[in-house]
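Numbering (this note's numbering), first residue to last: 271 to 522.
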């Protein structure tokens with residue numbers, strides 16, 4: 271069955287997904303140049319992500335959409351199990367948002383250009399002034415009523431277990447007094463482990479758990495710590511038993 275699935279990936283999925291990635295990138299760039307950037311910066315990517323998961327026959331379960339207020343902006347913070355985290359959140363969260371992503375993604379042909387035109391936020395850690403500029407851009411987007419998605423660990427796991435959360439997303443939420451929504455991703459590490467066979471996808475169900483928003487309790491370090499600690503506990507609480515518990519990530 272494994273080799274039949276690999277043949278399906280190579281003969282059916284690969285050609286379709288290459289064409290769709292080109293089309294999605296062009297639609298995003300042209301749409302953002304000519305029209306509503308919030309629409310074209312989100313929906314082509316959402317449909318692209320949905321197609322990736324559906325054409326690869328990966329089952330998806332989403333829990334907790336009822337926890338979100340459609341009129342409220344949020345800072346979403348998620349664990350980072352693998353490459354398919356992006357497709358799962360983009361395709362199935364059901365909220366228009368901007369990504370906070372690694373600067374290196376901007377160098378990927380077509381996709382990086384599309385992300386720039388969609389005004390996703392590239393984290394530049396090359397110096398203090400670059401870091402400040404990154405967070406200034408994030409603040410301006412959140413002030414427009416948009417939501418933001420951040421992988422709070424900052425890097426994909428090597429083991430399936432969570433590392434530590436970084437403070438940046440929580441400081442942004444504190445600055446603008448926004449609720450933080452923890453997201454737990456399950457299955458992505460099994461679909462595309464970071465350290466195993468980079469050429470193939472492994473069939474495994476995916477699950478996205480949307481936890482209840484964590485409202486600010488004030489402004490300042492106490493609020494940042496409160497939202498960060500509660501977010502970590504919420505994300506950890508819904509992780510599959512085999513990946514429960516902290517394991518240090520050397521990337522962090």
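Glycine is no exception: its CB is placed at the ideal position from the N, C-alpha and C atoms.
So what's residue 369 in DSSP terms, helix, strand or just coil?
-> On the chain shown, residue 369 is found 99 positions in, with the first residue counted as 1. Reduced to three states, the DSSP call for residue 369 is strand.
Three CB pairs or more closer than 8 Å across the stretch 375 to 390 and the stretch 479 to 494 | no
Where do the ends of the beta strand (DSSP E) carrying residue 392 lie?
-> As a working note, residue 392 is residue 122 in the chain shown. Note, residue 392: beta strand (DSSP E), 391 to 393.
Could you check which residue in 415, 472, 457 has the C-alpha nearest to that of residue 341?
-> In the chain shown, the residue the question calls residue 341 occupies position 71. Residue 341 has its Cα closest to that of 415, out of 415, 472, 457.
Sort out for me which residues DSSP pairs residue 331 with in a bridge.
-> One-based indexing of the chain shown puts residue 331 at position 61. In the DSSP output, where bridge partners are listed per residue, residue 331 has 477.
Same chain, Cβ closer than 6 Å to residue 498, neighbours up to 5 away in sequence not counted = Position 228 of the chain shown holds residue 498. Contacts found: 435, 440.
Report back the beta-carbon spacing between residue 393 and residue 372 to the nearest angstrom; my notes put them in contact at under 8 Å.
-> Residue mapping note: residue 393 aligns to position 123 of the chain shown, counting from 1. Residue mapping note: residue 372 aligns to position 102 of the chain shown, counting from 1. Confirmed, Cβ separation roughly 6 Å.
What's the C-alpha gap between residue 291 and residue 381?
-> The residue you call residue 291 lines up with position 21 of the chain shown. The residue you call residue 381 lines up with position 111 of the chain shown. Between residue 291 and residue 381, the C-alpha separation is close to 8 Å.
List the whole-angstrom C-beta distance separating residue 510 from residue 355, where the pair is believed to meet the contact cut-off of C-beta under 8 Å.
-> Looking up residue 510 in the chain shown gives position 240. Looking up residue 355 in the chain shown gives position 85. Not really, about 14 Å apart at Cβ, beyond 8 Å.
Would you mind stating whether residue 405 and residue 442 have Cβ atoms separated by less than 8 Å?
-> Stepping through the chain shown from its first residue, residue 405 is reached at position 135. Stepping through the chain shown from its first residue, residue 442 is reached at position 172. Yes, the Cβ-Cβ distance between residue 405 and residue 442 is below 8 Å.
Between residue 524 and residue 432, is the Cβ-Cβ spacing less than 8 Å?
-> Because the chain here runs from 271 to 522, residue 524 falls outside it and cannot be looked at.
Where does residue 417 fall in DSSP's three states?
-> Indexing the chain shown from 1 puts residue 417 at position 147. Strand, per DSSP.
Residues bridged to residue 452 (per DSSP) = Position 182 of the chain shown, counting from 1, holds the residue named residue 452. Its beta-bridge partners are 347.
Nearest-angstrom Cα distance between residue 349 and residue 450?
-> Mapped onto the chain shown, residue 349 falls at position 79. Mapped onto the chain shown, residue 450 falls at position 180. Their Cα atoms are separated by approximately 14 Å.
Reference residue 481, options 337, 328, 324, 329, closest by Cα = Residue numbering aside, residue 481 sits at position 211 when the chain shown is read from its first letter. The residue with the shortest Cα to Cα distance from residue 481 is 337.
Candidates 390, 407, 453, of which the one nearest residue 503 by Cα = Numbered from 1 along the chain shown, position 233 holds the residue referred to as residue 503. Of the candidates 390, 407, 453, the one whose C-alpha sits nearest the C-alpha of residue 503 is 453.
With DSSP run on the structure shown, which of helix, strand or coil describes residue 484?
-> By 1-based counting over the chain shown, the position of residue 484 is 214. Residue 484: strand per DSSP, three-state reduction.
If you draw a straight line from the C-alpha of residue 309 to the C-alpha of residue 329, how long is it?
-> Locating residue 309 in the chain shown gives position 39, where the first residue counts as 1. Locating residue 329 in the chain shown gives position 59, where the first residue counts as 1. Rounded to whole angstroms, the separation of the alpha carbons of residue 329 and residue 309 is 27 Å.
With DSSP collapsed to three states, give me the class of residue 303.
-> Translated into the one-based positions of the chain shown, residue 303 becomes position 33. In this structure, residue 303 counts as helix in the three-state DSSP scheme.
DSSP beta-bridge partners of residue 472 = Along the chain shown, one-based indexing puts residue 472 at 202. In DSSP, residue 472 forms no bridge with anything.
Under three-state DSSP, which class holds residue 465?
-> Looking up residue 465 in the chain shown gives position 195. If DSSP states are grouped into helix, strand and coil, residue 465 belongs with coil.
Own chain partners of residue 319 with C-beta closer than 6 Å, once the 5 adjacent residues on each side are dropped = Here the question's residue 319 lines up with position 49 in the chain shown. Result list for residue 319: 357, 360, 361, in chain order.
Under 8 Å between the Cβ atoms of residue 388 and residue 311?
-> Along the chain shown, one-based indexing puts residue 388 at 118. Along the chain shown, one-based indexing puts residue 311 at 41. Going by C-beta atoms, residue 388 is nearer than 8 Å to residue 311.
Short Cβ contact (8 Å threshold) for residue 463 with residue 352 | Within the chain shown, numbered from 1, the residue matching residue 463 stands at position 193. Within the chain shown, numbered from 1, the residue matching residue 352 stands at position 82. With respect to the 8 Å criterion, residue 463 and residue 352 are classified as neighbours on the basis of their beta carbons.
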